[in-house]
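J.: Per the numbering used here, numbering of the sequence shown is gapless, rising by one per residue and ending at 385. Here's a structure for you.
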Amino acid sequence: MAIPASSDGAQMRLFGGIDLEGIRERSASLLTKSVGRARKTESGYASDWRVFSKWCFDTGRDALPCTAETLLFFATYELDRLNRRVTTVRRHLASIVDVHRCKGLPQPSTKEARTAISNVRRERREQPKGKLALEAPDLVRAAEQCDVTTNSGTRDRAVVVLGFATALRRSELARVQLDDVIFEPPKGLRVRIPWSKTDQEGQGDVVDVWAGQRESTDPVRVLRAWIAKRGEWAGPLFCPVYHEKITKTGVTGESISNILKRAVVRAGLDPAGYAGHSLRAGAITTSSDIGREDGEIMKKLSRHRDVAMVHRYNRGRRAFAGRNPLEGVL
């Protein structure tokens, strides 16, 4: 069968009117492409791979494909000689396996390396690090110290309050569009989340946000105040503000962290232990402190699929928060 020629003289890759070569190329890309993966994750994986490939070059080992023994030796080197944290080495292993998967190569077994990592963690009694959870009293102070006579202060208060009230991840909060916010008086408002870290296929979700009692921390009032300054044009809900001029672009996840750090400084706190994730951790911790059950937190706030993750994020609890479990016994 003759292959028809295109108008510019190049032969088209058509078989029975179907471009099978094009389909083959697209199929290969779909098998290896991480659709929806955050740019920060991609950058982190690339950085981890450079660390591993340099180590392989220095030791004369093959990086691609690599063996289970190479992974074990690399993990041991990082843990013992470089004294890297267990969480860091585990992330490096995940990055190495991901590169093999994306290249269509057999994935090396990580069983031995992970066993070694687990044993080192037990030896060290190493606990995962995490940013401080923003406690409710500190949230109130941070919100109250925002100068709402300015565009930047009004935006900062809305970012901090809505971030806490929704327990959104910082990347999710940065992606919220104006059209994703639905006011539901007198109850509060709802925020649509088109996709998230645990919803890469984009089935979507909606977070209910109840109205608050204080003017400074009521999600409805602080958000309406920001929208009044921002304007109701379609686009990102939170925008950069340069010299009090509101732009029509969106903030980044890093911007969310910077906004929170400035807010906690105004509240008299050391910003070193805080980041954008402190809002999410603070909301989950506070919800647990006031007696909400794990299932309720997962369904209505954190959107976790595994209760173990709720316990992991529920860190930095206040001393003697909640009820005494042995009240009347001792």
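Every residue, glycine too, gets a C-beta built ideally from N, C-alpha and C.
Within 10 Å of its beta-carbon, does Ser-102 have 16 or more other beta-carbons around it, so buried, or fewer, so exposed?
T.: Exposed, since its Cβ has fewer than 16 Cβ neighbours within 10 Å.
J.: If we require 4 or more residues per run, which alpha helix (DSSP H) segments fall completely within the segment 197-235?
T.: Within the segment 197-235, the complete alpha helix (DSSP H) runs of at least 4 residues are 206-221 and 225-230.
J.: Is Gln-66 helix, strand or coil when you go by DSSP?
T.: Because Gln-66 carries a pLDDT of 48, less than 50, the predicted location of this residue cannot be relied on, and no value is offered for it.
J.: How many Å lie between Thr-209 and Phe-293 at the Cα?
T.: Rounded to the nearest angstrom, the two C-alpha atoms are 11 Å apart.
J.: Would Arg-180 be called buried (16 or more neighbouring beta carbons within 10 Å of its own) or exposed?
T.: Exposed, because fewer than 16 other Cβ atoms sit within 10 Å of the Cβ of Arg-180.
J.: Glu-133 and His-147: beta carbons closer than 8 Å?
T.: Yes, they are a contact pair.
J.: Could you tell me how far apart the beta carbons of Arg-245 and Glu-239 are, in whole angstroms, since I believe they sit closer than 8 Å?
T.: Going by Cβ atoms, the distance from Arg-245 to Glu-239 rounds to 6 Å, so yes, they are a contact pair.
J.: Quick check: what's the CA-CA separation for Trp-281 versus Glu-190?
T.: If I take the Cα positions, the gap works out to 23 Å.
J.: Which residue's Cα is closest to the Cα of Pro-241: Gln-200, Gly-290, Phe-112 and Pro-274?
T.: Comparing Cα positions, the closest option is Pro-274.
J.: In three-state DSSP terms, what is Gln-255?
T.: Residue confidence for Gln-255 is low, a pLDDT of 48 falling below 50, so the modelled location carries little weight and cannot support an answer.
J.: Can you tell me where the alpha helix (DSSP H) with Ile-248 in it begins and where it stops?
T.: Not the alpha helix (DSSP H): Ile-248 falls in the beta strand (DSSP E), residues 243-248.
J.: Within its chain, find whatever has a CB closer than 8 Å to the CB of Val-296; leave out the 5 residues flanking it on each side and keep chain order.
T.: Answer for Val-296: Asn-206, Ser-207, Arg-210 and Thr-302, listed in chain order.
J.: Whole angstroms is fine: what's the gap from Glu-199's alpha carbon to Ala-220's?
T.: Spanning the two alpha carbons is a distance of roughly 16 Å.
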